[in-house]
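All residue numbers for the sequence shown refer to numbering that gives the first Met the number 0, where the first residue is 0 and numbers rise by one.
Heads up, the beta-carbon is just placed ideally off N, CA and C, and yes, glycines get one too.
Shown next, in structure tokens, is the structure this report addresses.
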Amino acid sequence: MKRLSFLVVIGVLLAACGGSSRLSKAQYQQRLTVDSNAVQKVITQLTNAGSSSTLAGFATKIDAAEAAVKKAADDLAAAKPPKDVEADNATVVTALRKIQSSFEKMKTAAGSGGSTAVLAATAALERSPELKAAERAIGDLKSKGYDVGVLGS
């Protein structure tokens, strides 16, 4: 019984130490900037590679882009943003997950030589409600005074 009480006290103390505290506005902006810059970098590389390489080469390059998007989505999903942008953050994470799954479809299509399927997957991503919602969330972040870095361009 004493051991259980001790573990409960330790658990309460660890929770009170701020391990689950919210990020400040500055901390959240920094995290958003780092994650969005990483995604932007690999997407730019992917876009440049797409115009000058074979579909098989393009499929290989999608892996890096997919990994960067997943990492950014995981990082932002794990973050505890300021309360006023909690919903916006969740919307951005959902959009990143949509991009990640779309990259998987593009990779499959490119690997099988289906340029039409790659273009269709790209068009579907651009029209997706998740991306439209993320655009609104980014606008909301900006209206609340948050610097959203490359997401705002």
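Quiz prompt | Of the residues S114, T90, V68, the one placed nearest R135, counting alpha carbons only | solution = T90
Quiz prompt | C-alpha gap between A78 and K60, whole angstroms | solution = A direct Cα-Cα distance of roughly 28 Å separates A78 from K60.
Quiz prompt | Whole runs of the alpha helix (DSSP H) within the region 91–149, excluding any shorter than 4 residues | solution = DSSP runs (the alpha helix (DSSP H)) wholly in the region 91–149: 114–126, 128–142.
Exercise. Could you say if the region 131–147 and the region 60–76 meet the contact criterion of at least three C-beta pairs nearer than 8 Å?
Key: Short answer: they don't touch.
Quiz prompt | Given K40 as reference, the closest of V68, T107, Q99 once Cα atoms are compared | solution = Of the listed residues, the one whose Cα sits closest to K40 is V68.
Quiz prompt | Limits of the unbroken alpha helix (DSSP H) element including G56 | solution = 54–77
Quiz prompt | Candidates N36, S20, L130, S152, of which the one nearest D87 by Cα | solution = L130
Exercise. Counting only the same chain and skipping the five closest in sequence on each side, list residues whose C-beta sits under 7 Å from that of E103.
Key: E65
Quiz item: In whole angstroms, what is the alpha-carbon distance linking D146 and M105?
Solution: Within the model, the alpha-carbon separation for D146 versus M105 is close to 31 Å.
Quiz item: Just how far apart, CA to CA, sit L124 and V38?
Solution: 16 Å
Practice problem: Report all residues from its chain with a CB closer than 6 Å to the CB of D139; omit the five preceding and five following residues, and keep chain order. | Solution: Result list for D139: D87, in chain order.
Quiz item: For L45, which residues of its own chain have a beta-carbon under 6 Å away from its beta-carbon, when the five flanking residues on both sides are left out?
Solution: K60, A64
Quiz item: Who are the Cβ neighbours of V117 in its own chain at under 6 Å, not counting the five residues just before and after it?
Solution: M105, A108, A109
Quiz prompt | Member of K82, K70, A122, S114 whose CA lies at the smallest distance from the CA of Q99 | solution = K70
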